[in-house]
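J.: Residue numbers (the UniProt record's numbering): 1 to 106. The beta carbon of each residue, even a glycine, is placed where N, CA and C say it ideally should be. Here the structure is a predicted model, which is why all the values come from computation and not from measurement. My questions will all concern the structure given below.
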């Protein structure tokens, strides 16, 4: 009976850990996708449009873009990606190294 209690307690801990890891990965993936989409849209549309401006208009447009991009939504998504990617890599990466197929990485 005691062994069953310990294994149930261990299983409960593993489920909580899996939920935390899953949430961490989902949040990291969403933030990374948002930033990747921003960079993609910027390079496909804004850069092409800015290339057709004169030097003075280009300078004013870039200054305006730089002023407007500094907002809480961009800050959370940009810095969240920078913080969460290494954390996610650590949480998932140390598990992967213990799989038999990755023994050459140890």
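(1) Would you check if the distance between the CB atom of residue 85 and the CB atom of residue 24 is smaller than 8 Å?
(2) Is residue 64 helix, strand or coil by DSSP?
(3) What is the rounded straight-line gap between the Cα of residue 37 and the Cα of residue 26?
(4) Can you list, in chain order, the residues of its chain with a C-beta nearer than 8 Å to that of residue 2? Leave out the 5 residues immediately preceding and following it.
(5) When the Cα atoms are used, what is the spatial distance from residue 66 to residue 88?
(6) Can you give the Cα-Cα distance for residue 50 and residue 70, rounded to whole angstroms?
(7) So for residue 80, helix, strand or coil by DSSP?
T.: Taking the structure as given:
(1) Indexing the chain shown from 1 puts residue 85 at position 85. Indexing the chain shown from 1 puts residue 24 at position 24. By the CB criterion at 8 Å, residue 85 and residue 24 fall outside the cutoff.
(2) Here residue 64 refers to the residue found at position 64 when the chain shown is read from its first residue. Under the three-state reduction of DSSP output, residue 64 falls in the helix class.
(3) Working through the chain shown from its first residue, we reach residue 37 at position 37. Working through the chain shown from its first residue, we reach residue 26 at position 26. Computed Cα separation, rounded: 16 Å.
(4) Position 2 of the chain shown, counted from the first residue, corresponds to residue 2. Note on residue 2: pLDDT 48, under 50, position unreliable in the model; the coordinate value appears next. Around residue 2: no qualifying Cβ.
(5) Along the chain shown, read from residue 1 onward, the residue named residue 66 stands at position 66. Along the chain shown, read from residue 1 onward, the residue named residue 88 stands at position 88. Going from the Cα of residue 66 to the Cα of residue 88 covers about 30 Å.
(6) The residue given as residue 50 occupies position 50 in the chain shown. The residue given as residue 70 occupies position 70 in the chain shown. Their Cα atoms are separated by approximately 19 Å.
(7) If you number the chain shown from 1, residue 80 lands on position 80. Note: residue 80 maps to helix in three-state DSSP.
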